[in-house]
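> In this note's numbering, the protein residues as written are 82 to 200.
Just so you know, even glycine gets a beta-carbon here, dropped at the ideal spot from N, CA and C.
Structure incoming, see below.
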């Protein structure tokens with residue numbers, strides 16, 4: 082049995098995204114699960130994207146879009162690419178009905194992260 086790669090090793094091997102982006106998406110899964118307490122079950126791509134949006138706003142406020150952009154995360158599809166990278170490396174699991182397309186155009190970053198920010 083091979084040893085599980087660290088999030089940093091996964092990011093280095095793939096090289097599309099900053100290791101901090103990979104860690105953020107993994108952290109965002111736990112955040113989303115905690116936010117949906119009382120609603121057990123599978124977290125969909127769309128639900129995870131919404132959780133990642135809330136976590137980004139909570140962590141960085143108006144800078145959320147800038148932080149994600151600096152990590153080469155520009156769309157919700159990028160979240161999906163990272164999720165499927167984590168699935169391939171046994172850090173997350175998918176249902177047979179899940180696809181990468183579940184992450185396509187869930188929201189526009191400018192609208193959801195910048196214009197949607199409230200103090």
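Could you tell me the alpha carbon to alpha carbon distance between residue 157 and residue 100, rounded to whole angstroms?
Position 76 of the chain shown, counted from the first residue, corresponds to residue 157. Position 19 of the chain shown, counted from the first residue, corresponds to residue 100. Going by the C-alpha atoms only, they are around 17 Å apart.
> Could you tell me whether the region 182–199 touches the region 118–134, using the rule of 3 or more Cβ pairs below 8 Å?
Yes, the region 182–199 is in contact with the region 118–134.
> Going by Cα to Cα distance, which pick from 165, 189, 122 is closest to residue 155?
As a working mapping, residue 155 is identified with position 74 in the chain shown. It is 189.
> Can you tell me whether residue 196 is buried or exposed? The criterion is at least 16 other CB atoms within 10 Å of its CB, across all chains shown.
Within the chain shown, the letter at position 115 stands for residue 196. Residue 196 comes out exposed.
> Just curious, the alpha helix (DSSP H) that residue 145 is in, first and last residue?
Within the chain shown, numbered from 1, the residue matching residue 145 stands at position 64. Run containing residue 145: 145–151, per the alpha helix (DSSP H) assignment.
> Kindly indicate which residue of 108, 180, 151, 159 has the alpha-carbon position closest to the one of residue 135.
Position 54 of the chain shown, counted from the first residue, corresponds to residue 135. When each option's Cα is compared against that of residue 135, the closest is 108.
> Rounded to a whole number of angstroms, what is the C-alpha to C-alpha distance between residue 143 and residue 164?
Taking the first residue of the chain shown as 1, we reach residue 143 at position 62. Taking the first residue of the chain shown as 1, we reach residue 164 at position 83. Taking the straight line from one Cα to the other gives about 24 Å.
> If I'm right that residue 146 touches residue 191 with Cβ under 8 Å, what's the distance once you round it to whole angstroms?
For the purposes of this step, residue 146 is taken as the residue at position 65 of the chain shown. For the purposes of this step, residue 191 is taken as the residue at position 110 of the chain shown. Between residue 191 and residue 146 the Cβ distance is about 7 Å, and since that is below 8 Å, they are a contact.
> Could you give the first and the last residue of the continuous alpha helix (DSSP H) run that contains residue 85?
Translated into positions along the chain shown, residue 85 becomes position 4. Careful: residue 85 lies outside any alpha helix (DSSP H) and carries neither H nor E.
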